[in-house]
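Undergrad: Under my numbering, the first residue of the sequence shown carries the number 1109, and numbering increases by one thereafter.
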Amino acid sequence: MRYPHKPNLGVLLLAITLAVAGTQRAWGITPVTCSSPQSAQTQPTEYFISLADNASNLAHVSIRFTQTSGTLILDMPVWNALYQVRDFAANIENVRAIDGAGRPVPLVKSKTSEWTMSPPNGCVVVDYDIHLDAGGPFGAQLSAEHAFFNWAMVLMYSPATRAQNMSVQLLDVPAAWELQGVHVLGYAPPGAVDKTVGVAHGYDDLADSPAEVGVFQHFDFQQDGATYHVVVHADPKDDNNAKLEDILRRITHAEVDWMADRPFTEYTFLYHFPRGHGAGGMEHAYGTAIDLNAERLGNNMLPVASVSAHEFFHLWNVKRIRPQSLEPIDYQHAMDTRALWFSEGLTSTVGDMTLARAGVLDDRQYIDRVASEINELQTRPARAWQSVEESSLDAWFEGDAFYRSPQRSISYYNKGEILGVLLDLRMRRLTQGQKSLRDLFQWMNDNYAKKGLFFPDSDGVQQAAETVTGRSFAEFFHEYVAGVQELPYSEYFNFVGLQVAETTVHSVNWGFTTTTNLGGQPEVSSVDKGSGAERAGVAVGDRVLAVNGKPATAPVEVQFGQLHEGATVKVRLANRRGQHDIKFKLTSRNEQLYILQDVPAVTPEQRAHREAWIHGNDETGGQP
Ligand SMILES: [Zn+2]
């Protein structure tokens, strides 16, 4: 999830070279020494990754430093892609080094994720094996079926040369496999994959350029002067490529048009549609990797549209419009940031608005989605004491099921998305519809991203809103961003002729809540006192594997919601003690539900404001 902001955007800086050479895979792992193999792109740091042991999930990494002098330190990141410390060094074994004469170089493991050596000046090659079996856009995986690389989970770096050019070369690639990388490693058809070389301008650039290697479907389309590459790794019978292309054309056009900016010439969408769990999406400056459960997709393209619109907007918000607190990237420690409510939450605000703008959602669907976000926040007691900035700071706890419970935390995605809507409505009200979130993002793009500057977190957003509208947003930021004041929804929505209403619905009650660790398996985050689920032994942290014999898919609430009061449900759970089945009876409860509905008499002005708000337009009063 990291990308260094560069003053000179664009792929012109990149040299992408594909070189085809003879294959050596019949002899196993290709050895790397100071003299061979020849690299097609000689750089101060050269990475070679052999895929020979794909069936055992082991990648063999060789790092060749062509000119060392003095002590050489190598670090392995402890986190990447998720705001969670995952200690990738745990997957590394058999670290060793040889010098230019082929002699072993002694090395010391100096820290949990660091190795130190003092080779003779000149060339040195460091080798290690790494176990890669975490699928999905936040992981790295090498298997008999395919490879997906987030490079910061695979490759060590030297802190001293982290900002210098580095090349990447794949070795011993199975004959039928193709490669599609984001940004650094370009597309290579079967047979051309061995010795595929990409050059990254530093480790941050490399970390932001994942690659898929395997057998997959691939298509390109051109739009607004850019080339979009789409890779789909899925069961061929789940073929939805024509629909996918239509949706991506709409989304990419809507966002490029909304930002009046296209800071790339090529962009890559990497999709996995697995039969099992689909984990969500991960943004990169020149592409995105997205996993979604194939069964859940079926013929409904809305989940893929929704995630794609969010991740695509990240190419501006967080990748280029970047908070100061995330720079420079510290791969060795968790980083404190209060800005995720903006970098994630408002990415969702704009993502959903884009779907309305692109005609993927109609007006009512859009309004209902906003209402469901309000509903989510209002049912989390933690909103009374955890601010959205604190939720951002605590992002690093999200791997923990108790932390995710409604009593313990709110989500900076959820409240951030709502704050994006309210910020937009307030800007519109203060300027009679002349200025909006669109102007705020374009202003931040012009004044930070395009100048290669980072914005000063929440203060930078407040300053942008105030500069664009000429009005104060001090109270808004003090009470709703830094503070925990209850959000006065109806005061804001009145501008577009809407109000929040509460209704009571009678619904099935299964007695516990679940959350997922960014799209993984549903985990129990709280259990109702005295419920049938509690008596049956459901506990916080249990993973829900199946409901009535069907695999549990997130959100599991959808599966429970289809059952009836009084029915006995069978749930398969997993925890430290293993797997077990439990049975309990479903009860019912009256639930408060928040909806957005028309105010009693909607005026023509309110209708016009609403139309502009939903589609992300300014009301320029007939001016061009
Ligand atoms: Zn995001």
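Even glycine gets a Cβ: it sits at the ideal position worked out from N, Cα and C.
1. Please find out if some non-hydrogen atom of ligand 1 comes closer than 8 Å to the beta-carbon of glutamate 1391.
2. Which residues share a DSSP beta bridge with serine 1615?
3. Check the C-beta distance from alanine 1590 over to serine 1495 and give it rounded, since I have them as a contact under 8 Å.
4. Quick one: what does DSSP say methionine 1409 is sitting in, helix, strand or coil?
5. Whose CA, out of Asp1312, Asp1161, Ala1300, Tyr1191, lies closest to the CA of valine 1292?
6. Rounded to the nearest angstrom, what separates glycine 1130 and tyrosine 1236 at their Cα positions?
7. For leucine 1378 versus valine 1290, is the C-beta distance shorter than 9 Å?
8. With DSSP as the reference, label histidine 1418 as helix, strand or coil.
9. Say whether the segment 1563-1579 touches the segment 1598-1617, bearing in mind that this needs 3 or more beta-carbon pairs closer than 8 Å, one atom from each stretch.
10. Excluding the five sequence neighbours on either side, which residues of its own chain have a C-beta within less than 7 Å of the C-beta of tyrosine 1600, listed in chain order?
11. CB-CB under 6 Å to glutamine 1325, same chain, minus the five flanking residues each way: which ones, in chain order?
12. Quick one: grab the DSSP three-state call for glutamine 1175.
13. Whole angstroms are fine: how far does the CA of threonine 1623 sit from the CA of arginine 1579?
14. Does the Cβ of histidine 1309 lie closer than 8 Å to at least one heavy atom of ligand 1?
15. For a test of the three-state rule: what should DSSP assign to arginine 1680, helix, strand or coil?
16. Judging by CA-CA distance, which residue of Gln1570, Thr1138, Gln1540, Thr1539 is the nearest neighbour of phenylalanine 1549?
17. Please report how far the alpha carbon of methionine 1552 lies from the alpha carbon of phenylalanine 1581, in whole angstroms.
18. Can you grab the Cα-Cα spacing for the pair proline 1145 / glycine 1294, in whole Å?
19. Who are glycine 1247's beta bridge partners in DSSP?
20. If you check the beta carbons only, do methionine 1409 and asparagine 1348 fall under 9 Å apart?
21. For the candidate residues Ala1189, Ala1509, Ile1437, whose alpha-carbon lies nearest to that of glycine 1649?
22. Taking C-alpha atoms, which residue in Val1604, Asp1726, Gly1669, Lys1219 lies nearest to glutamine 1705?
23. Could you check if threonine 1179 is buried or exposed, using at least 16 other CB atoms within 10 Å of its CB as the buried criterion?
24. Identify the continuous alpha helix (DSSP H) that holds isoleucine 1475 and give its terminal residues.
25. Which partner residues of proline 1431 appear in the DSSP bridge assignment?
26. Starting from phenylalanine 1601, trace the alpha helix (DSSP H) in both directions and tell me its first and last residue.
27. Provide the residue span of the alpha helix (DSSP H) that contains glutamate 1719, from first to last.
28. With distances taken from CA atoms, which of Ala1442, Pro1411, Asp1438, Ala1252 is nearest aspartate 1460?
29. Look at the Cβ atom of alanine 1675, then the Cβ atom of leucine 1653, and state whether they are nearer than 9 Å.
30. Roughly how many angstroms separate the alpha carbons of leucine 1356 and valine 1216, rounded to a whole number?
31. Grouping DSSP H, G and I as helix and E and B as strand, with all else coil, what is glycine 1686?
32. For glutamate 1594, is the classification buried or exposed, using 16 other Cβ atoms within 10 angstroms of its Cβ as the cut-off for buried?
33. Mark glycine 1467 as exposed unless 16 or more other C-beta atoms lie within 10 angstroms of its C-beta, in which case mark it buried.
34. Secondary structure at leucine 1378, three-state DSSP: helix, strand or coil?
35. Using C-beta distances below 6 Å, list every residue in its chain close to histidine 1392, excluding the 5 sequence neighbours before and after it, in chain order.
36. Express the C-alpha separation of aspartate 1444 and glutamine 1132 in angstroms, rounding to a whole number.
TA: On the basis of the supplied data:
1. yes
2. Arg1697
3. 6 Å
4. Residue state, collapsed to three classes: coil.
5. It is Asp1312.
6. Any reading at glycine 1130 must be qualified, since the residue scores a pLDDT of 33, below 50, and its modelled position is unreliable; the value itself is stated next. Rounded to the nearest whole angstrom, the C-alpha separation of glycine 1130 and tyrosine 1236 is 24 Å.
7. It is a contact, given that the beta carbons lie within the stated cut-off.
8. helix
9. no
10. Within the same chain, and ignoring the five residues on either side of tyrosine 1600 in sequence, the residues whose Cβ sits closer than 7 Å to its Cβ are Leu1530, Leu1533, Arg1534.
11. Val1340
12. strand
13. C-alpha of arginine 1579 to C-alpha of threonine 1623: approximately 39 Å in a straight line.
14. no
15. strand
16. Gln1570
17. 16 Å
18. The straight-line gap from Cα to Cα measures roughly 21 Å.
19. None; glycine 1247 has no bridge partner.
20. yes
21. Distances from the alpha-carbon of glycine 1649 to those of Ala1189, Ala1509, Ile1437 put Ala1509 closest.
22. Val1604
23. So threonine 1179 ends up on the exposed side.
24. 1471-1486
25. Phe1563
26. Note, phenylalanine 1601: alpha helix (DSSP H), 1597-1601.
27. Glutamate 1719 -> alpha helix (DSSP H) spans 1712-1722.
28. Pro1411
29. no
30. 49 Å
31. Three-state DSSP puts glycine 1686 in a strand.
32. Here glutamate 1594 is exposed. Its C-beta has fewer than 16 other C-beta atoms within 10 Å.
33. exposed
34. strand
35. Val1290, Asp1316
36. Residue confidence is low: glutamine 1132 scores 37 on pLDDT, short of 50, so the model does not pin down where it sits. Its coordinate-derived value is still stated next. Distance between the alpha carbons of glutamine 1132 and aspartate 1444: 46 Å.
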